[in-house]
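Working notes, beginning with the structure itself.
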Amino acid sequence: MHGMIKRLSNSPSGVAIPSVVKNLCTSLPVSMLRTEDILITVSPDDKPIGSVSKERAHRRKELYVEAQTKERPLLHRAFSVFHFDDNSSLLLTQRSDKKVTFPMQWTNACCSHPLWNIPEENGGPIGGDAETILAVKRAAQRRLQEELNMSINVEDLTFISRILYYANANKDYAEHEIDYILISKLSVPFKAHPNEVNATKWVSKDELRAMLNDQSVVFTPWSRYIMKSFLFDLWNGLDTLESFQNFKTIYNAGDLS
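Counting in my numbering, the sequence shown runs from 1384 upward without gaps.
This is the structure we're talking about:
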């Protein structure tokens, strides 16, 4: 039902993690594993150039020091999944209060990173190519399972385009990403992990517009930018998403802080 917020219990509950990440799994909750993630650093044109721990990739001190000395910035590859059901309702999630960055803010269904330490998620040598897009889709498939216990096939994810953006999260951390925008449209059961998600909400176009115009509702910077820039066009064309695909251009969204 539109407008109904589903809040999640804070009690610990397990979630199935794909075997591809078995080397990362311990008895800790999913959210506690993230410090062991190794991200893929990229150039501004999305060519992979190295790897970095997730914590260091988001540390503002590192971002500023490297930018000021004209050394390689800690730009890294990420993705954002916008998930619609068969009725074309959009799934929103509210980030858990346990998140280090942007806790309790509303956002799209799933936002995360392909990992360097999972070979299947490394991608090709140039970025935006078929191999890299498939690798990013595999990462999205993994994180949808981890965060929402949602099982989908990589074929259910449609790549749209990429944005490059920066956004301060707090005095210690920031985002600096090339973000692959992915769309999925199918009705599939899910159960959000409370360490990752505080609440979920299905919305119509009018309901999302109302939330975006409500100053008391806080969205993550990247999701707000995508929603206000072109999500409604994609929403109107869910049956013809291929016409929106852009494999070459990386849209520079600038500083979204």
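For glycine and all other residues, C-beta sits at the position ideal for the given N, C-alpha and C.
Own chain, CB closer than 8 Å to residue i, minus 5 neighbours either side, in chain order
| i | result |
| --- | --- |
| S1471 | K1568, W1618, L1621 |
| D1469 | K1568, L1569, S1570 |
| G1511 | D1429, R1545, F1630, K1631, I1633 |
| K1611 | L1595 |
| G1507 | A1513, E1514, T1515, A1518 |
DSSP bridge partner residues for residue i (one or two, in chain order)
| i | result |
| --- | --- |
| Q1477 | W1489, A1582 |
| A1552 | Bridge partners of A1552: none, in fact. |
| H1576 | The partner list for H1576 (beta bridge, DSSP) is empty, contrary to what the question assumes. |
| L1547 | I1561, N1635 |
| P1508 | The partner list for P1508 (beta bridge, DSSP) is empty, contrary to what the question assumes. |
| S1434 | I1423 |
Cβ neighbours of residue i in the same chain (closer than 7 Å, five flanking residues each side left out)
| i | result |
| --- | --- |
| P1486 | R1478, S1479, D1480 |
Segment limits, beta strand (DSSP E) that includes residue i
| i | result |
| --- | --- |
| I1423 | 1421 to 1425 |
| I1633 | 1633 to 1638 |
| L1565 | 1557 to 1568 |
Residues near residue i in its chain [Cβ-Cβ closer than 6 Å; skip 5 each side]
| i | result |
| --- | --- |
| F1465 | N1491, I1566 |
| L1639 | Y1548, A1550, P1604, Y1608 |
| T1424 | I1432, G1433, V1435, H1459 |
| T1541 | I1566, L1624 |
| Y1563 | F1462, V1519, R1545 |
| D1420 | K1437, L1498 |
Residue range of the unbroken alpha helix (DSSP H) whose run includes residue i
| i | result |
| --- | --- |
| S1606 | 1604 to 1609 |
| K1437 | 1437 to 1440 |
| I1516 | 1513 to 1531 |
| N1619 | 1615 to 1619 |
| L1595 | 1588 to 1596 |
Secondary structure of residue i, DSSP reduced to three states
| i | result |
| --- | --- |
| V1464 | strand |
| T1541 | strand |
| L1624 | helix |
| P1497 | coil |
| S1612 | helix |
Residue-level contact to chain B via CB, residue i, 8 Å cutoff
| i | result |
| --- | --- |
| G1433 | This model lacks chain B altogether; it includes just one protein chain. |
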